[in-house]
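Below is one structure; the comments refer to it alone.
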Amino acid sequence: MLTAILSGFVFSIFLVFAGKFLKGKLAVLSALVPLALFVYFLSFLPQVAAGEVIRQEIAWVPSLGLDLNFSLDGLSLLFSLLITGIGFLVFAYTAEYLKNHDYLDRFYGYLGMFMGAMLGLVLSDNLLSMFIFWELTSISSFFLIGFNNTSEASRKSAVLALAITGSGGFLLLAGALLLGNVAGSYDISEMVGLSSNIISSDYYIWIVILLFGAAFTKSAQFPFHFWLPGAMKAPTPVSTYLHSATMVKAGIYLLLRFTPVLGGEDIWNTTLITVGGITMFYAAVHTLFRTDLKGVLAYSTISVLGLLVFLIGLGTQYALTAAAVYIVVHALYKATLFLITGIIDHETGTRDVTRLSGLRKVMMPVAVAGLLAALSSAGMPPFVGFIGKDLVYESTLEMGNWAVFLTVLAIATNILVLYAGFVAGIKPFTGPLPNDFKKVHLPGILMWIPPVILALLGIIVGIFPGIINDSIIAPVVNAVGMEGSAVHLKLWHGFNLVLGLSAITLATGILLYAVFKPSAKKERGIARLDFIAPLTLITNFGHGFKAFSNWWTRIFQNGFLRNYVSTIILFLVVLVGYSLFADQNEIPIDLSSFSRMTYYEMIIMGIMFLAILFVVGARSRLTAVVAMGVVGYAICLMFVIYSAPDLAMTQFSIDTLTVILFVLVLSSLPKYLSISDYRMKAVDGILSISFGVLITFIALEVLGEPVNKEVSDFYAENAYVLAKGKNVVNVILVDFRGVDTLMEISVLTIAAIGVFSLLKLRLRRDDRELKD
Amino acid sequence: MKTIILRTASNYMLPLLLIFSVFILLRGHYLPGGGFVGGLIASIAFVLHAFANGLGDTRKLLHFHPGFLMPTGLALSFLSGVSPLIFTGEPFMTGLWYPEHLPIVGNLGSALFFDIGVYLVVQGVTLTIIFTISEST
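Protein chains in written order, with the UniProt record's numbering: chain U, 1 to 772; chain P, 1 to 137.
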């Protein structure tokens with residue numbers, strides 16, 4: 001299985017070198033990769049249908065619990081088949097859609113990377129490796145949305161999508177770590193057995209919230225749905241593949257995967273039903289007001305994703321079966337509709353649904369595919385969509401007190417989804433053919449065959465639901481912890497309530513389609529409500545945050561060294577002073593232990609004091625620096641007197657070099673008549689005096705405390721024994737704590753490189769102008 | 001500051017100070033001193049020379065940019081830290097010692113090479129910063 005996952009990545013890397021050859025007529029060959037993978041996964045079908053779970057375990061970073069454990073059960077297999085199967089059709093379609101595009105190789109590279117990542121995501125049994133693949137899908141989605149990188153709108157949408165799904169990834173990581181700690185293992189298959197422990201743990205609620213955050217952002221649930229319509233800026237194959245059939249279902253996959261681990265609790269069910277319900281209805285209403293075909297499809301995709309979350313929330317046998325069936329149904333018809341939209345866009349140059357009509361006369365096979373897909377999305381018998389819709393109603397009807405409300409909600413959503421399907425799949429092909437489109441013709445066979453295949457599959461599976469019943473749906477239901485053998489998909493259930501509801505849905509939907517026409521006016525109308533849309537709110541929040549950050553940076557990173565130093569000292573004084581004086585009223589000062597001051601100490605103190613007066617009163621910077629140097633030398637003398645020759649030597653050399661450095665820097669600064677005014681001097685004076693007082697108190701306090709000599713004794717005793725040195729200071733530097741020194745000299749080097757590059761590697765004026 | 005006295009003095013001071021810096025470096029294991037101070041003293045020697053004779057002369061004397069001392073020193077320190085891993089299989093930064101007592105140096109061990117690395121890095125850093133700043137003014 002690792003090979004299968006890696007093949008996507010290997011394919012992308014291969015394109016880096018061989019992309020040129022695959023750009024031309026050979027482009028279609030790249031579709032062989034997903035095809036081979038599809039066949040490979042198909043070969044597991046009998047085993048998985050028999051209830052087997054195929055595992056592969058590779059230790060990667062065992063110390064972190066991060067292993068490449070893959071397992072293939074019904075749920076993984078369903079997704080793997082979708083990823084590779086639709087992947088195959090999309091790869092082939094792209095060869096024609098982006099024919100002769102300059103960056104076709106790059107596009108295939110991203111697609112390959114995405115395919116590998118998505119396979120890794122659904123096959124991973126280890127939560128941490130799943131997170132890695134999860135992030136990789138977000139990243140490849142970012143590149144694909146921004147594929148037309150010359151358009152600003154594309155770039156913006158790509159960043160927006162990355163921001164939303166990326167923050168979701170962050171939540172997933174947090175949730176995964178929490179879950180791993182609670183369960184004691186990162187293997188999902190082990191967590192299933194520990195379900196009751198996890199649910200009773202204190203962290204259960206946090207785990208659920210974090211995982212919900214990840215799933216809702218990835219699967220575009222309200223109020224994080226807005227990145228998905230934006231993601232439609234990507235070329236249509238990407239919308240088909242990532243933003244309808246596979247990637248956006250990663251959140252659904254996550255929820256299904258964790259249903260047996262975390263599911264069954266009130267918070268799990270209620271949240272999912274609420275969020276899913278809001279999403280499906282909100283997005284479905286939005287489809288009414290879109291004129292861009294891809295906009296219609298994007299919102300109807302969000303609506304279906306909401307429906308899936310809703311079904312997982314219901315959590316019953318019927319509901320989960322319905323979710324499994326709906327994943328198949330949706331992948332089949334929505335991919336078809338997207339591919340058709342791509343064809344229309346490619347051939348006519350517009351996706352405006354108000355302008356498109358009569359295209360059946362010029363592209364019959366596409367029109368047939370569109371009709372089939374629209375009918376499947378409507379849930380018309382004998383399409384597979386009908387089975388899906390039936391199951392949805394059956395599961396909502398079971399819900400006791402809430403049955404009526406939930407069923408009405410589901411019906412309303414389905415009516416609107418039907419409308420969206422008809423607008424995208426039927427409307428462009430009916431009516432008279434406008435003159436502009438007379439010359440439109442069928443695209444290359446590679447483009448129109450894939451939607452036809454998918455549309456036909458929709459009706460074949462509908463008529464013979466047995467094809468997917470035992471092989472796919474039952475294992476999926478098993479994998480989410482329900483009884484798979486109880487699943488019996490049937491087209492005809494006899495005359496009952498569900499059939500009546502279906503009939504109502506169909507009749508109302510078709511009526512709505514006949515009466516309600518999409519128009520630019522309605523789109524503008526709904527745009528007036530944009531100011532309360534989540535997109536606007538979150539973008540405004542982003543702008544506000546940016547403004548706040550700018551303000552913060554301007555205040556604290558103002559570029560004046562003196563302000564930095566003042567701020568640091570001020571905070572030090574306040575915080576340390578507080579902690580020093582808050583606990584105790586008296587500082588224990590033991591004056592008796594002090595030795596008497598000698599006359600040479602007094603002389604040195606006097607020199608130091610004079611030098612400080614010079615610094616404060618200096619009229620030029622040079623005087624101040626030299627006087628500071630005198631202070632430094634006086635401190636060196638103190639070190640000598642108190643038997644710290646190492647310190648004294650170092651301080652002496654450092655002081656010399658500092659003065660030289662200052663002199664060099666000062667000569668290039670403008671001359672001042674007065675270095676600072678009285679107010680600044682007063683403020684600085686207060687600050688430095690309080691700092692000095694504080695340090696004095698700390699020193700006194702330290703002297704008053706009993707001294708712990710354990711460490712210094714250890715060094716003193718062992719310096720010669722272990723490190724063969726008599727100078728303890730140096731032995732500490734080069735041996736005991738040598739790694740510290742190694743880091744310090746590295747930091748010094750970095751600082752020197754920084755100075756060098758700041759001063760030497762500035763662009764010269766003419767270079768700079770050239771760049772502009 | 002091109003006075004004849006300073007210039008003449010600095011010509012004698014440079015080798016003296018450099019020898020002194022090496023002396024400080026080598027005695028560091030037993031008495032006050034070490035690579036850090038040694039490196040600072042050596043840099044002071046060069047800076048003094050540059051003050052007296054001009055930066056160009058000092059550069060000519062050095063033959064190479066002092067910046068190259070930084071990677072050399074870092075590599076030396078790092079390798080002396082790694083050497084126990086390679087030679088005896090002991091952990092990083094374990095001291096390796098030559099069994100015989102040598103004249104002048106005393107005990108020869110990996111710590112000395114580590115200190116020499118520090119000595120070179122400190123020189124490289126100080127001289128790079130000072131030379132760069134004085135060139136840009």
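Glycine included, C-beta positions come from ideal geometry on N, C-alpha and C.
Mind checking if Pro74 (chain P) is an interface residue toward chain U, Cβ cutoff 8 Å exclusive? The sequence given here has Leu at residue 74 (chain P), not Pro. Chain U, which has a Cβ nearer than 8 Å to the Cβ of Leu74 (chain P), makes this yes.
Go ahead and pull the three-state DSSP assignment for Ser592 (chain U). helix
Closest by C-alpha distance to Ala324 (chain U), when choosing among U:Arg619, U:Gly481, U:Cys636: Of the listed residues, the one whose Cα sits closest to Ala324 (chain U) is U:Gly481.
Work out the CA separation of Leu42 (chain U) and Leu457 (chain U) for me, nearest whole Å. 16 Å
So Thr236 (chain U) and Phe338 (chain U) are supposed to be a Cβ contact under 8 Å. How far apart are they, rounded? 6 Å
Tell me the DSSP secondary structure of Arg7 (chain P) in three-state form. In the three-state reduction of the DSSP assignment, Arg7 (chain P) falls in the helix class, which pools H, G and I.
Would you call the segment 743 to 761 of chain U and the segment 15 to 25 of chain P in contact, with 3 or more CB pairs under 8 Å? Taking 8 Å as the limit for Cβ pairs, the verdict is that the segment 15 to 25 of chain P does not touch the segment 743 to 761 of chain U.
C-alpha gap between Ile278 (chain U) and Tyr578 (chain U), whole angstroms: 52 Å
Name, in chain order, the residues that DSSP records as bridge partners for Glu57 (chain U). U:Asn69
From what residue to what residue does the beta strand (DSSP E) around Glu100 (chain P) run? 97 to 102
With which residues is Ser124 (chain U) paired in a DSSP beta bridge? As computed with DSSP, Ser124 (chain U) is found in a beta bridge with U:Phe70.
CB-CB length for Met93 (chain P) against Thr749 (chain U), believed under 8 Å: That belief does not hold up - the Cβ atoms of Met93 (chain P) and Thr749 (chain U) are roughly 19 Å apart, past 8 Å.
Are there 16 or more other CB atoms within 10 angstroms of the CB of Tyr564 (chain U), so buried, or fewer, so exposed? Looking at its Cβ environment, which holds fewer than 16 other Cβ atoms inside 10 Å, Tyr564 (chain U) is exposed.
Determine whether the beta carbon atoms of Gly168 (chain U) and Lys218 (chain U) lie at a separation below 8 Å. Cβ distance < 8 Å, so Gly168 (chain U) and Lys218 (chain U) count as in contact.
For Leu136 (chain U) and Asp67 (chain U), the rounded distance between their alpha carbons: About 17 Å.
With distances taken Cα to Cα, identify the nearest neighbour of Val39 (chain U) among U:Gly51, U:Ser80, U:Phe142. U:Ser80
Could you check how far apart the C-beta atoms of Leu122 (chain P) and Leu31 (chain P) are, in whole angstroms? I think they sit under 8 Å. Just to set this straight, residue 122 (chain P) is Val in the shown sequence, not Leu. Actually they do not touch by this definition, with Cβ atoms about 19 Å apart.
By the 10 Å Cβ neighbour count, where 16 or more other Cβ atoms means buried, how is Gly559 (chain U) classified, buried or exposed? exposed
Assuming Ala369 (chain U) and Val285 (chain U) form a contact by the criterion Cβ under 8 Å, report the distance between their Cβ atoms to the nearest whole angstrom. About 27 Å separates the two Cβ atoms, so there is no contact after all.
Since Ser154 (chain U) contacts Ile145 (chain U) with CB under 8 Å, what's their CB separation in whole angstroms? 7 Å
Mind listing the chain U neighbours of Met70 (chain P)? Cutoff is C-beta to C-beta under 7 Å, in chain order. Thr749, Ala752
Does Phe756 (chain U) come within less than 8 Å of chain P when only Cβ atoms are used? yes
When burial is assigned at 16 or more other CB atoms within 10 Å of the CB, is Ala716 (chain U) buried or exposed? Exposed, by the Cβ-count rule.
Could you name each continuous alpha helix (DSSP H) segment of 4 residues or more that falls completely within the segment 165 to 222 of chain U, going from the start of the chain to the end? 188 to 193, 195 to 200, 204 to 218
Tell me the rounded alpha-carbon separation between Leu62 (chain P) and Ala50 (chain P). 11 Å
Three-way DSSP call (helix, strand, coil) for Leu442 (chain U) in this model: Three-state result, Leu442 (chain U): coil.
Cutoff 8 Å: Thr3 (chain U) Cβ touching any chain P Cβ: no
Give me the residue from U:Ile86, U:Ser185, U:Gly120 with the minimum Cα distance to Val329 (chain U). U:Ile86
Rounded C-alpha distance that separates Phe594 (chain U) from Asp677 (chain U): 40 Å
Which chain P residues sit within Cβ distance under 8 Å of Pro645 (chain U)? Pro32
DSSP-derived helix/strand/coil call for Asp352 (chain U): strand
Which of helix, strand or coil does DSSP assign to Gly109 (chain P)? For Gly109 (chain P), the three-state secondary structure derived from DSSP is strand.
Taking only beta-carbon positions, decide if Met93 (chain P) is within less than 8 Å of chain U. With respect to chain U, the C-beta atom of Met93 (chain P) has a partner C-beta closer than 8 Å.
Looking at C-beta atoms only, is the number of pairs between the segment 658 to 669 of chain U and the segment 615 to 626 of chain U that lie closer than 8 Å three or more? yes
What first and last residue would you give for the alpha helix (DSSP H) that runs through Ile387 (chain U)? 384 to 397
Quick one: grab the DSSP three-state call for Asp292 (chain U). strand
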